[in-house]
Every structure is written in C-alpha cells, then in structure tokens.
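See structure below.
2 protein chains.
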Amino acid sequence: MFIGVDLGGTNIAVGIVDDRCRLKLQKSKLTRRQRQPEAIIKDIIELISEVIKDYGITKEEIKAVGIGIPGLFNPDTGEVIQCVNLNWKDVQLKEPMEKAFGIPTFIDNDATLAGLAEYEAGAMKNKKSGVFITLGTGVGGGVIIDGKIHTGFNGVASEIGHMIVGENYYDCNCGRNGCLETFASSTALINYTKKLMKEEKKETIITKIIDENIDKLDGKVIFEAAFKEDEIANQAVDRMVKYLATGIVNIVSVIDPEIFVIGGGLSKAGEFLLDKIRREATKNKYYRTLSIGKIVLAELGNEAGIIGAAMLGKHCINM
Amino acid sequence: MFIGVDLGGTNIAVGIVDDRCRLKLQKSKLTRRQRQPEAIIKDIIELISEVIKDYGITKEEIKAVGIGIPGLFNPDTGEVIQCVNLNWKDVQLKEPMEKAFGIPTFIDNDATLAGLAEYEAGAMKNKKSGVFITLGTGVGGGVIIDGKIHTGFNGVASEIGHMIVGENYYDCNCGRNGCLETFASSTALINYTKKLMKEEKKETIITKIIDENIDKLDGKVIFEAAFKEDEIANQAVDRMVKYLATGIVNIVSVIDPEIFVIGGGLSKAGEFLLDKIRREATKNKYYRTLSIGKIVLAELGNEAGIIGAAMLGKHCINM
C-alpha cells in the first residue's frame, strides 16, 4: 500500500492507494493557506494517521508516502523551493514527514504527478511518451519520456506554463511576459473575457448568466456562453486555444510526444474545447503533412493528484 | 568502420569514421542542388566508393552507413519527407543506398546528428541530457535524453527552429509567424540588420566593412562590427540573443537538460556571443534563483555532420 498526498492551495487530500493504482480511501481538509507551513505539515501528518487508522492497517504496511506540491521541490535537500500559492519558500518537508512515520517520503510537482497518474492508470496508459497539461488557476505540465516522469537536470522540467508563446497585455507572476499560463489558464481566460466585456461594448449572455455580478465570472460560465455561440465568450476561448495550440506545437518541436492529455478545471469543457484545440494545433503544425501526437482529455478526475503522488512513491522505491 | 555522409545544401561530404569517433578520411563535392535527387544520390554513392577505395579497405569492413539530411526523414518508409533547401519531397533514399552497397543505411536530420556527434565526442560527452542548437542559415536542434537522440514519436522532435517564441515582422518559410529560426538564424540576423540600416539612419561601421555592397553583409561582418561596439550591429545581435535565450528557457521548461551546446556558423562569434546568451538566459529564468543547464560552444567543427552520421549507424546496429 502507498499513501498519496495532494497538497493544494484549497484542500489537503490524502489517500491510500494499492499497488494497482486503486484509490481505497480518501480524506481531506481545508489547507487554510494563510497559516504557517508547520501548521499545514501537522495537518498532513494527522490526515495520514487518520487514513491508516480508518483503513485498518498498520503503518508497516505502507511502503512509501508521495506528496504532490503546487510548486518546485529539491530532492537533494528535501526542501520545497517555492510554492507561490502557499507562500512557501525553502520549506523542509521531507524530513518532518519521514520523522513522523519512518516511511520513505517522495515529493514532486502536483501537475507532474497528475501526469504520472494518467500514465499509470489513465489516458497515457501504455504510451511511451506523453505530456499532461493541466489548465487550472495556472498551467502545469507532466512530461513522460520512455515511461518515466521527466523532471530534468535541475528539477525545473515540465514547467510548461512558463513557456513563452507570444506577447501578452499583462505580465506573468514569474515577472516575464508571454508565458503560456497568461494565455491558457482559467485566470487568463477570465481576465481576457473581462477585458473584452469592458472594451467591446457587445451584447453578451455572460452578463445574464452571472446576474451582472462580475465576481461570478469563471471558466465554467465562459464555456457555457461559448457553447451557446456567444461572440465575446468565443473570442476569449479562441484566443486561449490559439496560444495553447502554440504551446502544444512548441512541445512537439522539442520532444514530439505520442500523446497530449488535457486536464485541470477548464478541461471540463470536454469535447467542445478539445475540438477547438485539435483544429488549431493541426493548423499550426510546422510541417503541414506530418502527424503530431494525439490530443485527448484526462481520464482521472480530482483523484489524479493522490494516485500520482502514491505512484511516485512506488516508482521511487522500485528504482 | 563506419561511413558518415553529410548532405548539405552546398556540399556533400563523406568520411570514414572508426568505432571511437575518429574521422580517418574525408572527401566532398558540390551538391549543385538544382539537380534532380537521383543525380545527387548517384554522387553520394560515388563518393562512398571513393573513400572506401582511397582508405584501402573493403566494403565488408564497413558496418553501417549514416546520412545526415537537411530536413526530415521517415524511418518507416525510408523516404526523405522534405528538405526545403534541396527542394526534395518524398524522396526514397534508404533503398538506393542499401542496394548500391548491401550495407545497412540509417538516415536522420543533420542538426540532430551534429548533436549526436557532440554527445559522442564533443561538448556533451558524458552528459545525460543535452540540446545542441545550430545557428546557421536556419536554426536546427539535436535533443539527447538519457544518452539517446530523441527524434520523437512522429519523427519531428528536435525541430527547435520552429518553436514559436514571439511575434516577428516577417513570416517563417514554414508559413507561420514567430519561429525561433526567424529571430536567431544568420538569415534572420542579416535580415534585421538590413532593416535597421535602412530605418535607423545611424552611422555604422558595417557600411565600411562591406564596401557599401549590401550583398557582402553576413553574420561574420555583423559580429565583427558588434565586437567593435557598433550600435546597429549590437542592436541586431542583442535582438537575436534575446529570442534565442527565450528559446533556450522554453526548452528548459519542457525538458531542463544538463547542457546546451551552441554550434553552426554564427557560433564562430565564440565567447562574445556566448556571454550575451548566458546573461540573457539567466535574466529570463522563470524561477530566478534556480539553475539552468550550462551553455557552451560546440567542440567539433564542420566534421560534426560526418561523425554524427557515422555514429547514427553505430547506434542503430547496436540497438
């Protein structure tokens, strides 16, 4: 058995996963990210103790703990380098976890681990190479090459949200301009829709859907309006898709994977979004006649984070 | 012994390379690319016969023939998919080669093979992962992951010249806008320098170096002027470097290799260029405090093409 921890900006979710990627039991609580890292780490430890107890096993039956974090981890030091959403910087995470349970603990980026879950048990199963792209508050990635997650020499691979794909009207949190994340995240989509609603002075059904309360504007609303052929919504979605397709074709130009898997909140727009992405990516191939990797939706839902984290543990102890 | 063939837009170069990457003998002739593919293939076959004869061995001693082409190859069909510079499209190359000598023949992109040569005997030696970037008429790439050249699922990986890194004032040959090649190739550098000379109305020593003959303008001249602190030349070089650094950091965001190796004609500008690239890439990291791969100059010169092609043969028959 393995423990998988999905540490998010909103929730901490912990689960027990068996050798065959099946999530057996899951518990979660609010992250309350304004707290100190120590308080959050204490909650993770408590949740792990609870799932072990509730599932009725001993901690000796747990082979490894895996943790997905919304940021970057340094395996050499055991420290979380940075999690912008949690306001963490240089936080020791591996040590307190291993001290608490005496179980080997492994940590990696959450999008990378969701990619690993899709590889082990979802849309990338039996593929040799693939890239998982998560479209949420930010844009994250998980690169699988030859059946292994690829974190790179300095641990900063799979950070495809920070690939520069054009010039944008606002800067990225990372301080640069043109990052994929500023075009293709839900934050970017909402931001650009607001801009259009203000500047274009066109009728849009969005106003009605959100009861004229702009705070209610989210990715779901925009896709609902786009699906109903609303002009403003489609303009915003098409711009998002254009740059996402550029990002996909850029990835092709480096590693040309067998498959792209689209996950995260915006992927709930399903085939409507996927069709647009496929059309735009096909239009943007640099060699028009050649094939590029298949583009599909993620198969695992929210539990991808826990399963991927657990599978990280499995991969690491088997290495 | 292995035969390496470097099929370029200007020259066909053929050499004999031993198991330890040493080029023993080399012959070349002009490609005369306006000719039919059959005539060029005939020349390759003749050159191979000549080097075998001149080196005084029999063809039975040759274990494999490797050919680097300035374009894309489909290993499933044995056909060259496209070589824009040679005006080749769907040309069968493997079959006539194997028919002529009865020796297994392997073909790949020339920049990819130059990268393989740097991995086997040059700047990437003993590195686990690296990306070779050639700055010539176009921009090519060779991606090495886990000690293997990475050509991707559809054979279009390592085509980093077609990674989109911004918006440009002219389109790429591939029909799109913003490809790295349109910013960082010698063609792009020359093109932009001409534009500046026309529009900026500034004094520049370039005019003197080229005897007021704009046809003499090339990468070497521009770097010579930039080194002498000419404003126009530095403006052009800095723009080129800015986008090249964006391309490098984009590659980091996908695969984060251990090393980047800069080759091709423009790399003759040496440390002057390298310093600028390193400075700009460091400035452009998305996580400021983190390391990115080393950036160095290619160690092999023109012979990288032949050596890499020969090593392709070695890799393939050992697989």
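Those sequence lines, one after another, are chains A and B.
Residue numbering for the first sequence follows the numbering used here, starting at 1 and increasing by one per position.
Residue numbering for the second sequence follows the numbering used here, starting at 1 and increasing by one per position.
Just so you know, even glycine gets a beta-carbon here, dropped at the ideal spot from N, CA and C.
Item to complete: Would you mind stating whether A/V139 and A/E167 have Cβ atoms separated by less than 9 Å?
Response: No. Outside cutoff.
Worksheet item: Along chain B, which residues have their Cβ under 9 Å away from the Cβ of A/A157?
Response: V252, S253, V254, I255, D256, P257
Worksheet item: Rounded to a whole number of angstroms, what is the C-alpha to C-alpha distance between B/W88 and A/I149?
Response: 37 Å
Worksheet item: Over what stretch of residues does the beta strand (DSSP E) that includes A/G263 continue unbroken?
Response: 259-263
Practice prompt. Have a look at B/Q235, B/N173, B/F183, B/I190 and flag the residue whose alpha-carbon is nearest the alpha-carbon of B/E200.
Written response: B/Q235
Discussion item. For B/L312, which residues in the same chain have their Cβ closer than 7 Å to its Cβ, ignoring the five residues on either side in sequence?
Written reply: G66, F106, D108, L113, L116
Worksheet entry | Distance, A/G308 Cα to A/P37 Cα | Distance between the alpha carbons of A/P37 and A/G308: 23 Å.
Worksheet item: Three-state secondary structure (DSSP) at A/I306?
Response: helix
Item to complete: Report yes if the C-beta distance between A/I248 and B/V143 is below 9 Å; otherwise report no.
Response: no
Worksheet item: Who does B/N109 pair with in a DSSP beta bridge?
Response: B/I69
Practice prompt. Using the Cα positions of A/N154 and A/L300, report the straight-line distance between them to the nearest angstrom.
Written response: 29 Å
Worksheet item: Hey, how far is the Cα of A/I62 from the Cα of A/I45?
Response: 14 Å
Discussion item. Out of B/C172, B/L189, B/H315, which one is the CA nearest neighbour of B/G161?
Written reply: B/C172
Worksheet item: B/D146 touches chain A at which residues, Cβ-Cβ below 9 Å?
Response: I145, D146, K148
Practice prompt. Quick one: grab the DSSP three-state call for B/A64.
Written response: strand
Worksheet item: Does the beta-carbon distance from B/G136 to B/G264 come in below 9 Å?
Response: yes
Fill in: Those runs of the alpha helix (DSSP H) which lie wholly inside the region 22-98 of chain B and span at least 4 residues
37-55
Worksheet item: What residues of chain B sit near A/G166, judged by a beta carbon separation below 8 Å?
Response: For A/G166, the chain B residues whose Cβ falls inside 8 Å of its Cβ are I164, G166, E167, G178, in order along the chain.
Worksheet item: Who are the near neighbours of A/I210 in its chain, counting only those whose CB is closer than 8 Å to its CB and skipping five residues on each side?
Response: Cβ-Cβ distances below 8 Å link A/I210 to K216, L217, V221 in the same chain, with the five nearest sequence neighbours on each side left out; the list follows chain order.
Worksheet item: What do you get for B/P324, buried or exposed, if any count of 16 or more other CB atoms within 10 angstroms of its CB means buried?
Response: Summary: the structure shown does not reach residue 324 of chain B, with chain B confined to residues 1 through 319, and so no result is reported for it.
Worksheet entry | B/G130 (DSSP reduced to helix, strand or coil) | strand
Item to complete: Return helix, strand or coil for A/G301, following the three-state DSSP convention.
Response: coil
Discussion item. Output needed for B/L196: all residues of its chain with C-beta closer than 7 Å, excluding positions within five of it in sequence on either side, in chain order.
Written reply: I232, Q235, A236
Discussion item. For chain A, check one thing: does any of its Cβ atoms lie closer than 9 Å to the Cβ of B/S291?
Written reply: yes
Fill in: For A/L135, the residue or residues it bridges with in DSSP
A/V139
Worksheet item: For the region 182-237 of chain A, which segments carrying the alpha helix (DSSP H) assignment without a break, of at least 4 residues, lie completely within its bounds, in sequence order?
Response: 186-199, 206-209, 219-227
Worksheet item: Can you list the residues of chain B that A/T246 reaches, using a CB-CB cut of under 7 Å?
Response: I164
Discussion item. At the 9 Å Cβ level, is B/I48 part of the contact set with chain A, yes or no?
Written reply: no
Worksheet entry | Euclidean distance between Cα positions of A/V261 and A/R278 | Going by the C-alpha atoms only, they are around 12 Å apart.
Worksheet item: Along chain B, in chain order, which residues have C-beta atoms closer than 8 Å to that of A/G68?
Response: Correct list: empty, because the minimum Cβ distance to chain B is about 18 Å.
Worksheet item: For the putative contact between A/V156 and B/V165, defined by C-beta atoms under 8 Å, what is the C-beta separation to the nearest angstrom?
Response: About 18 Å; that fails the 8 Å criterion.
Fill in: Supposed contact pair B/G122 and B/V131 - C-beta distance, whole angstroms, cut 8 Å
At roughly 13 Å, the Cβ-Cβ gap does not stay under 8 Å, so B/V131 and B/G122 are not in contact.
Item to complete: Determine, using beta carbons only, whether B/N109 comes closer than 9 Å to chain A.
Response: no
Worksheet item: So what's B/A13 in DSSP terms, helix, strand or just coil?
Response: In this structure, B/A13 counts as strand in the three-state DSSP scheme.
Discussion item. Taking its Cβ as the centre, do 16 or more other Cβ atoms sit within 10 Å of A/Q92, making it buried, or is it exposed?
Written reply: exposed
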